[in-house]
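Reading through the structure tokens given below for one structure.
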Amino acid sequence: LSQPTFVMEVDVQYNQEIFNEISLSHAPVFLMIPPTTSNKKPKIKTLYKKLPDKFRLNAHNNIGIDDLTKFLARHTKQEVELVEIIDTNVLLGYFVFFCIGATGLYYKGDKVYKLREYTLPYFVVSIAMFIWLMGGGMYNIIRGTSFSGNGNGLSAFFHPSNGTQYAAGGFIVGCLHFGVGGMIILLNTWALRNPQNDVPKRKSYRELKTPLQVLKELKPSPGLCLVGATVLWYNLVMVYTMKNPSYRLGFVRA
31 LSQPTFVMEV DVQYNQEIFN EISLSHAPVF LMIPPTTSNK KPKIKTLYKK
81 LPDKFRLNAH NNIGIDDLTK FLARHTKQEV ELVEIIDTNV LLGYFVFFCI
131 GATGLYYKGD KVYKLREYTL PYFVVSIAMF IWLMGGGMYN IIRGTSFSGN
181 GNGLSAFFHP SNGTQYAAGG FIVGCLHFGV GGMIILLNTW ALRNPQNDVP
231 KRKSYRELKT PLQVLKELKP SPGLCLVGAT VLWYNLVMVY TMKNPSYRLG
281 FVRA
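Converting from the sequence shown to my numbering requires adding 30 to each position, the first position being numbered 1.
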């Protein structure tokens, strides 16, 4: 190119410090930095905030080589040729991994299906995955967030910024989502049960029961589930409102 042009690729895999500093929520991002009259080296965070949108290209929009070429040519006014380099080793590794998985399912698929018979471990793993996903588990990995902050009370679990979070706060949000969903499921299940089937049989003697047996024999209460779901939902929207006051407890602003 005949004129100085700088392109900065911000990818979490190689530039996690930059990624966190400018509070990006996706990657990679291509930035065209136009020439300036000042010789001072600007801070990356300040530069990113002042950079107009026309100089940004977000790769999360499924762009291709042609889109990136047009983006560079539009600002440099010159023809740019890009070459896409494919890492064949990575592709080969994915292909081998897929073949091993497909072969295992073909020969041992019936045994894999029998894992569903272990209902309790299967149920526990499903709950853990749900809480991890709803709590932003992948976000924590990508952004390298800390488990908690240095503040006191809720500030130690919930990051003050709306654009990021602590892992502890995400876990709490995931548990609240699971609690609300579980209460609604129990509400529908118990509301549709026939109360005549829940009439206990009378016994001539008093049987000692463990606390777990007492909990199992509690009468279904759809109303109690509704109250529990409402309380958990209120705490959930309180967290969102604390992070972003414009959320206004879930009410739409007129």
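All C-beta atoms in this analysis are idealised placements derived from N, C-alpha and C, irrespective of residue type, glycine included.
For I130, the enclosing alpha helix (DSSP H) starts and ends at 118 to 143. DSSP links R86 through a beta bridge to L61. Within the stretch 148 to 179, no run of beta strand (DSSP E) reaches 3 residues while sitting entirely inside it. Taking the Cα of E47 as reference, the smallest distance to any Cα among K75, L61, P64, S68 is reached at K75. Burial is judged here by how many other beta carbons sit within 10 angstroms of a residue's own beta carbon; F125 has fewer than 16 and is exposed.
Within the same chain, no Cβ atom closer than 6 angstroms to the Cβ of G211 is found once the five residues on either side in sequence are excluded.
S178 sits away from Y152, with the two beta carbons spaced by 8 angstroms or more.
In this model, D83 and H105 are separated by some 13 angstroms (Cα to Cα).
Comparing C-alpha distances from L102 to each of K70, F60, Y137, S156 shows the shortest one belongs to F60. Boundaries of the alpha helix (DSSP H) around N265: 252 to 273. Within a 10 Å sphere around the beta-carbon of N69 sit fewer than 16 other beta-carbons, which makes this residue exposed. In this structure, F201 sits away from I171, with a CB-CB distance that is not shorter than 8 angstroms.
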